[in-house]
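J.: Take this structure, written in structure tokens, and hold onto it; I'll ask about it next.
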Amino acid sequence: MLSTVLEFALILGLMTGLAVLMGKWLTRVFTGTRHALPERCTYRLLGIDPLETMGWARYGSALLLSNAAMMLLGYIILRMQAVMPINPLGLVAQTPDLAFNTAASFITNTNWQAYSGETSLSNFSQMAVITFLMFVGATSGVVAAAGFIRGLSRSSSADIGNFWVDFTRILYRVMLPLCVTMALVYVWQGMPQTFASQALATTLEGAQQQLIVGAVASFESIKHIGTNGGGFFSMNAAHPFENPTPLTNALHILSMLLIPSALTYTFGSMLLQRRQGWVFFGTFLVMFIGFLALVYGAEQNGNPLLTQAGANQALSIEQSGGNMEGKELRFGIADSSLFIATTTAATTGSVNAMHDSLTPMGGFVPLAQMMLNCVFGGDGVGFINLIQYALLTVFLVGMMIGRSPEFLGKKVEAGEIKLVMLSVLAHPISILGFTALAALWPDTMASLNNLGPHGFSEVLYAYTSGTANNGSAFAGLNANTPFFNTTIGLAMLVGRFFTMLPMLAVAGSLAMKKTVPAGAGTIPTATPLFMVLVVFVVLVVGGLTFLPALALGPLVEQLQLLSGQTYN
Amino acid sequence: MTTQSIFKGLLRPVLVSAVFFMALTGLAYPIFTTFAAQLLFPFQAQGSLIEREGRVIGSTLIGQHFTKPEYFHGRPSMTLGADPQDPGKSVSQPYNSGSSGASNLGPTSQKLMDQVAARVKAYRQDNGLAANAQVPVDAVTASASGLDPHISVANARIQLARVARLRQMPEAELLQLVNEHTAARTLDLLGEPRVNVLQLNLALDALLASRQPSVAASE
């Protein structure tokens, strides 16, 4: 128990230190004026002028169109997999609905996988489609944050930066160097990194064993640094080749939190308001610790039905105990819980334990964090989501005490609040609307692996994960059907672009405004009180929106578990 | 700003960036990393394969299915494989490293509770435990990957009596071997204490073979 608390404290302490280092680095990337040689060559190849300044509409269009072209390229390669090189196992192309789902999933930084990596993708597709889209999807998120923060920091200006410069720099100065370094650390710890597709072995008892290998380490590093989350193998970061040791598990967790936490520091640096950055960091952290405690408590406490069946779930010096169904022994309860809380906070969606087999309250945590979507959040977009709630807080508090709402010295007016509301509402409409549709769809029952409230949770989880661009799953659900592939694919696109684009518009609109000095009527936003207010607004808005759906899933399941009710 | 000026000149960078960044991040990056990894850590980069008498017998990281009572047994595995009678169908094939998988059964699933109850019964029988003995949870629940190479210390210590009896060796000596193959938490903090089943069984074979070379050769 003590070692668990110390472990959590160590990881969160390291995260805080890395947030400062990475935050400083990102500030330099976002604000630097010099272009390195490889960058200048890239600009020439793309045919763009690095000195051009863009308004939010042009910046957003470039982001949207380049993402569309990349998604299309990925789709084409997946459809032509059978004739592409490096396919020694002779895997066939994905079907149109599955290839759409896969391409949409990886460009939106979701990494939902309706396929199984070992049996559906050649090593060429794993590299040229999946690794590629993981890089550009994550980079696009950070680019959006760069434009967004720049917009907030400017006054009386239409300019929020140059999309191509931001994209190239973030890729060259942040993503690629970090990923190469981390990949080599991962190989040292045991992840395969080879052009071979398999290794054959004869086991100790004489059975044939086919070990699937490939470029796993280079995949894992971008997967976590980019808060992507799709697995090379079907069982993702639970697979010993994707996550061989407790050390790689800790590095995965720190990688996922790296950029989302650092952006709060970058924000503080670029606005010359360090305290404000720390207030947002604190907002993230407070919510995170609450959810972590909840999932750890529930999983360590275990499942009373397992005890009835004769399993000993007590924590002792010889075993970690707890609900070990769908968990790996090297991680036990503590490392699995920390990973669960992190992957759904940072909307990565990789898993080192099967979320479908979590206890009801353990499964409540990933669902709730994805529904709130701003506990750290994904690379770039998590920070944007938090600012969306901060604007809402300023507005609500301003209304309550009759002051005109201001944020960072800018007047917040009807136009911005309308855009914020569009973004706040797109999220639940997609989650709840699609879940309702699936609940009515006649074939849904055939896709469920569990019945009763847990079956409903499987469907709710799928659309929450898709819309929040998380990608983890209650994986018992068979989502590889035309209906689920299409609707979850749409949910991912709505969740990505209906929050990112309105918020870029907000930044563009705030950038145009004059900064006014804080007066007696200004609500200070760089205070612990404001932090508490933001947390409160997030929980109230999220609670009002999603509690009815959660009551039908994990909450009623918890009550049934306590009364011993099971489902066949 | 007019619509025309928003989109002006975007076509070329949009198309070129898709192809160029695909080549850079999707091909150059993994290829470069592979060469570097093969150079620096060739053993790990291939999949940490272990050989005995010149034959690959597995990977230190991937669990194997042990059924013989004289070996330590790993955790239950829910991986599937193609049915040899009918390749279109999947049947249970524990520790199939070609297709990782878990049960994905929820906490109120009767199927899961029936499976666990059956495993508890078999575990008690295999290890000569009392009919109401509580057994370590890792021994009766399926892992996430279906390829978990480890068991808990509690689980290994219970199986120890059975293995020692069948291998005709003193329990104290086997306990020492188990202890040698128990990995502690990293930095005393990360992960859980654990026993690698394949490596323990290999060491057990090697220890006994060094005493009775003729028996080992005939196996």
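Chains as they are written, first to last, in my numbering: chain A, 3 to 570; chain B, 181 to 399. For every residue, glycine included, the Cβ atom is placed at its ideal position computed from N, Cα and C.
For R235/B, report the span of its beta strand (DSSP E) as first-last.
T.: R235 to S239 is the span of the beta strand (DSSP E), which, as asked, contains R235/B.
J.: Beta-carbon separation of Y117/A and N482/A under 8 Å?
T.: Going by C-beta atoms, Y117/A is nearer than 8 Å to N482/A.
J.: Apart from the five residues on each side of it in sequence, which residues of its chain come closer than 6 Å, Cβ to Cβ, to G364/A?
T.: These residues qualify, in order along the chain: V297, A300 and E301.
J.: For S277/B, which residues from the same chain have a beta carbon less than 7 Å from its beta carbon, with the 5 sequence-adjacent residues on both sides left out?
T.: Result list for S277/B: I242 and L327, in chain order.
J.: I want to see whether chain B comes within less than 8 Å of I525/A, judged by CB atoms only; does it?
T.: Answer no: the Cβ-Cβ gap between I525/A and chain B never drops below 8 Å.
J.: Along chain B, which residues have their Cβ under 7 Å away from the Cβ of R60/A?
T.: The answer, in chain order, is I186.
J.: Would you identify the three-state DSSP class for L492/A, choosing helix, strand or coil?
T.: In this structure, L492/A counts as helix in the three-state DSSP scheme.
J.: Find out if the Cβ-Cβ distance for the pair A513/A, R156/A is shorter than 8 Å.
T.: Yes; because the gap between Cβ atoms is below 8 Å, this pair is in contact.
J.: Whole angstroms is fine: what's the gap from N113/A's alpha carbon to G292/A's?
T.: So the alpha carbons of these two residues sit roughly 26 Å apart.
J.: Express the C-alpha separation of G143/A and N487/A in angstroms, rounding to a whole number.
T.: Spanning the two alpha carbons is a distance of roughly 23 Å.
J.: With a Cβ-Cβ cutoff of 8 Å, do V558/A and Y391/A count as a contact?
T.: The answer is no: Cβ separation not under 8 Å.
J.: Would you say D337/A lies against chain B (beta-carbon separation less than 8 Å)?
T.: It does; some Cβ of chain B falls within 8 Å.
J.: For the segment 365-377 of chain B, which residues have a CB atom closer than 8 Å to at least one CB atom of chain A, in sequence order?
T.: Of all residues in the segment 365-377 of chain B, R365, T366, D368, L369, L370, G371, E372, P373 and R374 have a Cβ within less than 8 Å of some Cβ in chain A.
J.: So, under 8 Å CB-CB, S283/B and S236/A are touching, yes? Tell me the CB distance rounded to an integer number of Å.
T.: Going by Cβ atoms, the distance from S283/B to S236/A rounds to 13 Å, so no, they are not a contact pair.
J.: Excluding the 5 residues preceding and the 5 following T466/A in the sequence, name in chain order all residues of the same chain whose CB lies nearer than 7 Å to its CB.
T.: Correct list, in chain order: L369, M372, M373 and I433.
J.: Spatial neighbours of T197/B within its chain, please: C-beta separation below 7 Å, excluding the five flanking residues on both sides.
T.: Per the sequence shown, the amino acid found at residue 197/B is Ser instead of Thr. Around S197/B: no qualifying Cβ.
J.: N305/A touches chain B at which residues, Cβ-Cβ below 7 Å?
T.: Going along chain B in sequence order, the residues near N305/A (Cβ under 7 Å) are P287.
J.: Just to confirm, is the Cβ distance from N251/A to F378/A under 8 Å?
T.: For N251/A and F378/A, no; Cβs fall outside 8 Å.
J.: Does any residue of chain B have a CB that is nearer than 8 Å to the CB of F137/A?
T.: Chain B, which has a Cβ nearer than 8 Å to the Cβ of F137/A, makes this yes.
J.: State buried or exposed for T121/A, treating a residue as buried only when at least 16 other CB atoms are found within 10 Å of its CB.
T.: It counts as exposed.
J.: Do T395/A and V536/A come within 8 Å of each other at the CB atom, strictly closer than that value?
T.: Closer than 8 Å, so yes.
J.: Going along chain B, which residues have a C-beta under 8 Å from T582/A?
T.: It is not possible to answer for residue 582/A, since the shown part of chain A is limited to 3 through 570.
J.: Taking the C-alpha atoms as reference points, what is the distance between T309/A and Q315/A?
T.: The straight-line gap from Cα to Cα measures roughly 7 Å.
J.: Classify H330/B as helix, strand or coil using the three-state DSSP reduction.
T.: H330/B falls in the strand class under three-state DSSP.
J.: Starting from the beta carbon of E207/A, find every residue of chain B whose beta carbon is closer than 8 Å, and list them in chain order.
T.: Neighbours of E207/A on chain B, chain order: Q244, H245, F246, T247, K248 and Y251.
J.: Determine the DSSP secondary structure at L202/A, reduced to helix, strand or coil.
T.: Note: L202/A maps to strand in three-state DSSP.
J.: Within the same chain, show all residues whose beta-carbon is closer than 8 Å to that of V383/A, passing over the 5 residues directly before and after it, in chain order.
T.: Excluding sequence neighbours, V383/A sits near N111, G143, A146, A147, T349, N471, R498, T501 and M502.
J.: So that I know if they touch, is there some Cβ in chain A lying closer than 8 Å to that of Q290/B?
T.: Closer than 8 Å: yes.
J.: If we ignore side chains and look at the alpha-carbon of each, how far apart do L204/B and L47/A end up?
T.: Roughly 13 Å separates the two Cα atoms.
J.: The beta strand (DSSP E) spanning S272/B covers which residue range?
T.: Residues S270 to S272.
J.: With A130/A and M202/B assumed to form a contact (beta carbons below 8 Å), what rounded beta-carbon distance in angstroms separates them?
T.: Rounded, the Cβ-Cβ distance is 6 Å, consistent with contact.
J.: Less than 8 Å between the CB atoms is what I'm expecting for T366/B and T44/A, so what's the real figure, rounded?
T.: Actually they do not touch by this definition, with Cβ atoms about 40 Å apart.
J.: Would you please verify whether the beta carbon of I569/A is less than 8 Å from any beta carbon of chain B?
T.: In the sequence as displayed, the identity of residue 569/A is Tyr instead of Ile. Yes, its Cβ sits closer than 8 Å to a Cβ of chain B.
J.: Using the Cβ count rule (16 or more neighbours within 10 Å means buried), how would you classify T183/A?
T.: So T183/A ends up on the exposed side.
J.: Quick check on this structure: which residue in T229/A, H254/A and I151/A has the alpha carbon closest to the alpha carbon of Q191/A?
T.: Of the listed residues, the one whose Cα sits closest to Q191/A is H254/A.
J.: Check the Cβ-Cβ distances between A352/B and every residue of chain A, and say whether any is below 8 Å.
T.: Not closer than 8 Å to any Cβ of chain A, the Cβ of A352/B fails to qualify, so no.
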